[in-house]
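In the numbering used here, the protein residues as written are 13 to 419.
We put the CB at the ideal spot given by N, CA and C, even for glycine.
Please read the structure below before turning to the comments.
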């Protein structure tokens, strides 16, 4: 990879991290914002406000993907950063809960930095290098998810939430300025192919039949995997508080964060280690291990050290399997992004967003009817279904039907 290519890729990742800090850091403090800024006691609105940007981002993502294909990924990323800044600015000026909800709607409709960033990377890289870049992008989002609540929790102790939103407007604007300074590339894919031909690099050859997947299957994998991850989030700590009464809040938070910390630590080395393996087989195995880990977490109970040790091991296994699944899924995305990358990543982003909405609502229904641990069991079942959907017979029939449709 040339120096200019490295600069562009690092610039895109830094821009996404900066935007993620702002977008992911404030939602955990919506309850404080409602009570302090609007004197509202309707805390049930927090859940609706939490999913509002996600819903409108999912609605807008396919359209913005087509925008990127038509006008270029660079303009799309600039547009997303400026749109995010506008949403934050409107939030800082809100005088009612309705005005704040409108600002979150604008944030969702005009944002979409993750899909725009991935589209840019798909125009710069191919094959294994694109897969590793997508894995690194996922790491930047998870790093922001860990850092942002701690940072903003400290800041909210000194300034009001709406004032903080005004300052946060500067983050996506700074990211947009950084994007504007990153040198544009003429024909990146041709340049990459020429460089690979000169160096003898074979990582960018067309994907083999074992690595290619039907676009519909790829969307299902993205939706199902996102759902299986997110559905375990809302009630995990509350569930463990009931099952393991002796654990401290810090320990519970560490258990919750452990899979994400594993991703941050092992995504890069696992990406290199799995480069020579079939991504579909890796994904099937990862889904199986992650399903078993979720099932184990569902079944563990008691105050003894054996159950607690089992929970730590299950969370560790879940983190490793989740990391391997992301690595393999990104390789499949890389193979499918050779044409109309904006449209593809727009649809994938929409699938992930809708999965998050469905998981949040589904977790509430499951927890109220079947207990706080039931989302873990639901995750295991979804992961098992994902693994079965990768069975050779099913994927072959999907490919055959797709070819018949085109002919």
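Secondary structure at residue i, three-state DSSP: helix, strand or coil?
i           : result
residue 402 : coil
residue 318 : helix
residue 39  : helix
residue 385 : coil
residue 50  : coil
residue 72  : helix
residue 272 : helix
residue 243 : coil
residue 107 : coil
residue 286 : coil
residue 203 : Annotation note: pLDDT 43 at residue 203 (below 50); position unreliable, coordinate value reported separately. The answer is helix: DSSP assigns residue 203 an H, G or I state.
residue 226 : coil
residue 339 : helix
residue 234 : helix
residue 66  : helix
residue 125 : helix
residue 168 : helix
residue 137 : coil
residue 181 : coil
residue 159 : helix
residue 143 : helix
residue 186 : helix
residue 259 : coil
residue 30  : helix
residue 174 : helix
residue 358 : helix
residue 194 : coil
Identify, in the order they occur along the chain, each residue of the same chain with its Cβ nearer than 7 angstroms to the Cβ of residue i, setting aside the five sequence neighbours on each side.
i           : result
residue 255 : 313
residue 145 : 21, 133, 137
residue 161 : 37, 40
residue 333 : 298, 301, 302, 305
residue 29  : 152, 155, 156
residue 268 : 248, 249
residue 69  : 120, 123, 124, 365
residue 117 : 64, 68
residue 342 : 143, 146, 147
residue 330 : 271, 302, 305, 306
residue 227 : 348
residue 167 : 176
Could you tell me if residue i is buried or exposed, where buried requires 16 or more neighbouring beta carbons within 10 angstroms of its beta carbon?
i           : result
residue 382 : exposed
residue 284 : exposed
residue 252 : buried
residue 324 : exposed
residue 179 : exposed
residue 75  : exposed
residue 317 : exposed
residue 150 : buried
residue 96  : buried
residue 261 : exposed
residue 387 : buried
residue 54  : exposed
residue 135 : buried
residue 33  : buried
residue 206 : Below a pLDDT of 50, predicted positions are generally treated as unreliable, and residue 206, at 44, falls in that range; no measurement from the model is reported.
residue 108 : exposed
residue 346 : buried
residue 400 : exposed
residue 91  : buried
residue 363 : buried
residue 258 : exposed
residue 163 : exposed
So, at 6 angstroms on beta carbons, what are the nonlocal neighbours of residue i in its own chain, with the 5 sequence-adjacent residues on each side left out?
i           : result
residue 240 : 391, 394, 395
residue 307 : 392
residue 340 : 291, 294, 295
residue 384 : 247, 250, 251
residue 7   : With the chain covering 13 to 419 only, the question about residue 7 has no answer from this structure.
residue 5   : A query on residue 5 cannot be resolved here, the shown segment of the chain reaching from 13 to 419 and no further.
residue 360 : 234
residue 403 : none
Residues in its own chain within less than 8 angstroms of residue i by CB, not counting five upstream and five downstream?
i           : result
residue 114 : 102, 106
Roughly how far, in whole angstroms, is the beta-carbon of residue i from the beta-carbon of residue j, given that I think they are within contact range, below 8 angstroms?
i           : j           : result
residue 244 : residue 279 : Not a contact, Cβ separation roughly 19 angstroms.
residue 120 : residue 64  : 7 angstroms
residue 173 : residue 45  : 4 angstroms
residue 230 : residue 348 : 6 angstroms
residue 12  : residue 140 : The structure shown does not extend to residue 12, since the chain is modelled only from 13 to 419, so the question has no answer here.
residue 18  : residue 194 : That belief does not hold up - the Cβ atoms of residue 18 and residue 194 are roughly 11 angstroms apart, past 8 angstroms.
residue 242 : residue 367 : 7 angstroms
residue 326 : residue 237 : Incorrect: roughly 18 angstroms between the Cβ atoms, too far for contact.
residue 77  : residue 127 : 6 angstroms
residue 89  : residue 129 : 6 angstroms
Counting only beta-carbon atoms, is residue i nearer than 9 angstroms to chain D?
i           : result
residue 375 : The question asks about chain D, but that chain is absent: this structure has only one protein chain.
Would the beta-carbon of residue i be found less than 8 angstroms away from any heavy atom of the ligand GTP?
i          : result
residue 78 : Absence of the ligand GTP from the depicted structure is noted, as is the absence of any ligand whatsoever, leaving it without description.
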